[in-house]
Amino acid sequence: MRAIFWKELGDHFGKRRFNLMLGLVFVGVVWAMFVDKDAMVTRGTGAFYLDLFTTTEGVPLSLLQFLSFFGPIIGITLGFDSINSERTQGTLSRILAQPVYRDSVYNGKFLAGLFTLTIVVFSLGIAAVGVAMFRFGLPPSGDEVLRLIGFGFITIAFLAFWLALAMTASIFLRNAVASALVSIGLWIGISFFIVFAASTIADRIVPDVEDFEDQSRHANVQLWVGRVSPERLYSEATGTLLDPIRGRFLSTFGVTEERLQGLLSSPVPASQSLQLVWPHIVVMLAMIAALMTVSYVRFMREEIRS
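Numbering (the working numbering), first residue to last: 23 to 328.
Written out as structure tokens, the structure reads:
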């Protein structure tokens, strides 16, 4: 498996897709340079390095929104042709003709993609925080560092889901173009259509909203249906970590931002925020495990000919 891992890792950093990953890191540097520092200081939250990933002051959208939208494309890019390209080129049968186990091929390719995503995510975060330290002139606090590390691991888990999804499509479909199209279609459906479906299902289950109890049931149904999407799980988890005051209410109780205007509350410690987002991480890991199990069983049972 070690040989497969290093070979795939070299391919990821040697192909054109490396330019895409390098561009993502460059975006983090540019974002930190163009964020309106004076506007962030005026807001007075004090958590400058957390606001760096969520603010839209001076930039068209926040860095968190950029990651949540373009991050899945990176995961899909690393996995959509991982297996079927080997099958199409005829190299898969040659590899398995050697003393190499099938599970080593599968695990090596997935771990190489996961390691690449880890490097990209932490490189982007370090680059953005480094430029912000130069501009703000003060280091992040220990609480901010802990939250940013948790944010990095949640982002990696989020992107790993799309990597596992793309590898599953690569195993089930023999054509790389078909697996790319199916992966992108599933990304659009899971990320966007479920949001509209959650509202529709909530309207069907609770058609008449007359009092506070009905309103609460409607909001809960919409919330739990929306959590089928990893996009919603990632949004709630990152909102809890990067917003120490409002995040716990938005994530735990499904309260909208408008209803929290003027709410006075003290920020929660980073350890409690990590406890709040732990169920989100477990669910995302379970989704990754389910995709890997399905694709692993299919790959192990598949007949491979030269």
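Every residue gets a Cβ at the ideal spot worked out from N, C-alpha and C, and that includes glycine. None of these values were measured; they are calculated from a predicted model.
| Alpha carbon of Leu-168 to alpha carbon of Ser-115, nearest angstrom | Taking the sequence shown and counting its residues from 1, the one referred to as residue 168 is at position 146. Taking the sequence shown and counting its residues from 1, the one referred to as residue 115 is at position 93. The C-alpha of Leu-168 lies about 46 angstroms from the C-alpha of Ser-115.
| Best match in Arg-24, Leu-44 and Leu-100 for proximity to Asp-33 [C-alpha to C-alpha] | Along the sequence shown, read from residue 1 onward, the residue named residue 33 stands at position 11. Minimum Cα-Cα distance from Asp-33 among the listed residues Arg-24, Leu-44 and Leu-100 corresponds to Leu-100.
| Looking at the structure shown, is Asp-58 part of a helix, part of a strand, or coil, going by DSSP? | Position 36 of the sequence shown, counting from 1, holds the residue named residue 58. In the three-state reduction of the DSSP assignment, Asp-58 falls in the coil class.
| said: In the DSSP assignment, the alpha helix (DSSP H) including Leu-100 goes from what residue to what residue? | reply: Here residue 100 is taken as the residue at index 78 of the sequence shown, counted from 1. Run containing Leu-100: 85 to 101, per the alpha helix (DSSP H) assignment.
| Cβ-Cβ distance between Arg-157 and Lys-59 below 7 angstroms | Numbered from 1 along the sequence shown, position 135 holds the residue referred to as residue 157. Numbered from 1 along the sequence shown, position 37 holds the residue referred to as residue 59. The criterion of a C-beta distance shorter than 7 angstroms is satisfied by Arg-157 and Lys-59.
| Going by Cα to Cα distance, which pick from Ile-96, Tyr-128 and Leu-86 is closest to Leu-313? | Along the sequence shown, read from residue 1 onward, the residue named residue 313 stands at position 291. Checking every option, the nearest Cα to that of Leu-313 belongs to Tyr-128.
| task | Give a yes or no on contact between the region 224 to 231 and the region 130 to 138, applying the rule of three or more CB pairs nearer than 8 angstroms. | result | Fewer than three beta-carbon pairs drawn from the region 224 to 231 and the region 130 to 138 are found closer than 8 angstroms, and the two stretches are therefore not classed as touching.
| said: Under 6 angstroms: does the beta carbon of Leu-168 sit that close to some heavy atom of the ligand COA? | reply: As presented, the structure is devoid of all ligands, the ligand COA included, so that no description of it is given.
| request: Identify which residue in Gly-45, Phe-214, Leu-89 and Ala-54 has its Cα closest to the Cα of Arg-249. | output: Looking up residue 249 in the sequence shown gives position 227. In terms of CA proximity to Arg-249, Phe-214 leads the group Gly-45, Phe-214, Leu-89 and Ala-54.
| Cα separation between Ala-202 and Leu-133? | Mapped onto the sequence shown, residue 202 falls at position 180. Mapped onto the sequence shown, residue 133 falls at position 111. The straight-line gap from Cα to Cα measures roughly 20 angstroms.
| query | Which residues in the same chain as Val-49 place their Cβ atom closer than 6 angstroms to its Cβ, once the five residues preceding and following it in sequence are excluded? | reply | The residue labelled residue 49 in the question sits at position 27 within the sequence shown. Same-chain partners within the cutoff: there are none.
| query | Out of curiosity, what's the CA-to-CA distance linking Ile-335 and Glu-108? | reply | With the chain covering 23 to 328 only, the question about residue 335 has no answer from this structure.
| Quick one: what does DSSP say Val-120 is sitting in, helix, strand or coil? | On the sequence shown, position 98 is the one that residue 120 refers to. The displayed chain sequence assigns Gln, not Val, to residue 120. In this structure, Gln-120 counts as coil in the three-state DSSP scheme.
| message | On the criterion of 16 or more Cβ atoms from any shown chain inside 10 Å, does Leu-286 qualify as buried, or is it exposed? | response | Taking the sequence shown and counting its residues from 1, one reaches residue 286 at position 264. With a pLDDT of 45 at Leu-286, under the threshold of 50, the predicted position of this residue should be treated as unreliable, though the coordinate-derived value follows. Exposed: under 16 other Cβ atoms inside 10 Å.
| query | Rounded C-beta distance between Phe-27 and Gly-130? I'm assuming under 8 angstroms. | reply | Locating residue 27 in the sequence shown gives position 5, where the first residue counts as 1. Locating residue 130 in the sequence shown gives position 108, where the first residue counts as 1. The distance from the Cβ of Phe-27 to that of Gly-130 is about 4 angstroms, consistent with a contact at the 8 angstroms cut-off.
| query | Looking at C-alpha atoms only, which residue of Ser-257, Gly-45, Ala-54 and Ile-223 is the closest neighbour of Val-153? | reply | By one-based count along the sequence shown, residue 153 stands at place 131. That would be Ala-54, whose Cα lies nearest to the Cα of Val-153.
| query | What is the DSSP secondary structure of Ile-171, counted as helix, strand or coil? | reply | Taking the first residue of the sequence shown as 1, we reach residue 171 at position 149. It is helical.
| field | 7 angstroms CB neighbourhood of Tyr-71 in its chain, flanking five on each side removed | value | Start at 1 with the first residue of the sequence shown, and residue 71 comes out as number 49. Apart from the 5 residues on each side of it in sequence, Tyr-71 sits with its Cβ closer than 7 angstroms to the Cβ of Val-151, Ala-154, Pro-162, Glu-166 and Leu-170 in its chain, given in chain order.
| query | Would the beta-carbon of Gly-174 fall within 7 angstroms of that of Phe-218? | reply | By 1-based counting over the sequence shown, the position of residue 174 is 152. By 1-based counting over the sequence shown, the position of residue 218 is 196. At least 7 angstroms separates the beta-carbon of Gly-174 from that of Phe-218.
| said: Restricting to Cα atoms, I'd like to know which of Ser-295, Gly-172, Ile-267 and Ile-96 is closest to Leu-44. | reply: Numbered from 1 along the sequence shown, position 22 holds the residue referred to as residue 44. Of the candidates Ser-295, Gly-172, Ile-267 and Ile-96, the one whose C-alpha sits nearest the C-alpha of Leu-44 is Ile-96.
| request: Check whether the Cβ atoms of Leu-86 and Thr-260 lie closer than 7 angstroms to each other. | output: Looking up residue 86 in the sequence shown gives position 64. Looking up residue 260 in the sequence shown gives position 238. Taking 7 angstroms as the cut-off, the beta carbon of Leu-86 is found closer than this to the beta carbon of Thr-260.
| Three-state secondary structure (DSSP) of Ile-105 | Mapped onto the sequence shown, residue 105 falls at position 83. Three-state result, Ile-105: coil.
| query | Which residues in the same chain have their Cβ closer than 8 angstroms to the Cβ of Leu-181, if we skip the five residues on either side of it in sequence? | reply | Locating residue 181 in the sequence shown gives position 159, where the first residue counts as 1. Within the same chain, Leu-181 has close Cβ partners Gly-93, Pro-94, Ile-96, Gly-97, Leu-139 and Val-143.
| Between Val-305 and Val-299, what straight-line distance do the alpha-carbon atoms span, to the nearest angstrom? | Taking the first residue of the sequence shown as position 1, residue 305 is located at position 283. Taking the first residue of the sequence shown as position 1, residue 299 is located at position 277. Near 10 angstroms, if we compare the C-alpha coordinates of Val-299 and Val-305.
| field | Cβ neighbours of Trp-184 in the same chain (closer than 7 angstroms, five flanking residues each side left out) | value | In the sequence shown, residue 184 corresponds to position 162, counting from 1. The residues are Pro-94, Gly-97, Ile-98 and Trp-209.
| task | Would you tell me roughly how many angstroms separate the C-alpha atoms of Thr-177 and Gln-294, rounded to the nearest one? | result | Residue 177 sits at position 155 when you count from the first residue of the sequence shown. Residue 294 sits at position 272 when you count from the first residue of the sequence shown. Those two C-alpha atoms are separated by around 19 angstroms.
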